[in-house]
Amino acid sequence: MKKVLLPTVLCLLLALWLILGRTAPEKRVVRYVEAHQAELQTAVDDYFLRGQHLSYGGDIQTANDWPGQHPMIEYLLFTTPGGYYGFYYSPDQVPLAFQNTGVPLVPSDGGWCWQGEGDNHGTTRLISPGWYFFEAHF
515 MKKVLLPTVL
525 CLLLALWLIL
535 GRTAPEKRVV
545 RYVEAHQAEL
555 QTAVDDYFLR
565 GQHLSYGGDI
575 QTANDWPGQH
585 PMIEYLLFTT
595 PGGYYGFYYS
605 PDQVPLAFQN
615 TGVPLVPSDG
625 GWCWQGEGDN
635 HGTTRLISPG
645 WYFFEAHF
């Protein structure tokens, strides 16, 4: 019995660690957007509606305007080795790939995923109307 129980417990702990590790960056981003949504909305409204300079601050590393058929403002919140995490605003409320590239999105696990050249890939999920989480790996 002990020979079976130990590997089972270890497998369950490993699965839990993988699940929590995968969702932790998304939860961190979602918490940030929810805590700052009013000021973020003001910033994107000023930019899109009033033509003002794109502003950002706080924990945001960079903010970029990516034009296209469906424009986006993308905010990079943090990076890990090989991974980029953040959120973006899509005034058309259209989910988009990282940096608004033309890579198609495929519905996946409550959101969308994309696959670029080589091992480039990522996901995006809706946070609230117009606001999306993203992760990109290279």
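Residues 515 to 652, numbered by the numbering used here, are exactly what the sequence shown covers, in order.
All C-beta atoms, glycine included, are put in the ideal place defined by N, C-alpha and C.
Same chain, Cβ closer than 7 Å to residue i, neighbours up to 5 away in sequence not counted
i, result
"M586", "W580, Y602, Y603, S604, L610, N614"
"D573", "Y546, L591"
Alpha-carbon spacing of residue i relative to residue j, whole angstroms
i, j, result
"P595", "E548", "26 Å"
"A538", "V544", "10 Å"
"V597", "F612", "At residue 597 the sequence reads Gly, which differs from the Val that was named. The straight-line gap from Cα to Cα measures roughly 12 Å."
"Y599", "D559", "23 Å"
"L534", "R639", "Confidence in L534 is poor, its pLDDT being 48 and thus under 50, which makes the residue's placement unreliable; the coordinate value appears in the next sentence. Each residue's Cα considered, the two are about 17 Å apart."
"G644", "V620", "18 Å"
Counterpart residues of residue i in DSSP-defined beta bridges
i, result
"Y599", "F592, E649"
"V620", "C627"
Contact set for residue i: own chain, Cβ-Cβ below 6 Å, skip 5 residues either direction
i, result
"N634", "F652"
"T637", "G625, C627, E649"
"A557", "S569"
Cβ-Cβ separation, residue j to residue i (assumed contact under 8 Å), whole Å
i, j, result
"Q575", "F562", "Actually they do not touch by this definition, with Cβ atoms about 21 Å apart."
"S642", "Q551", "7 Å"
Given residue i as reference, the closest of the options once Cα atoms are compared
i, options, result
"Q555", "E540, Y589, G632, P618", "Y589"
"Q583", "V608, G630, R639", "V608"
"G632", "V617, G565, D560, E553", "V617"
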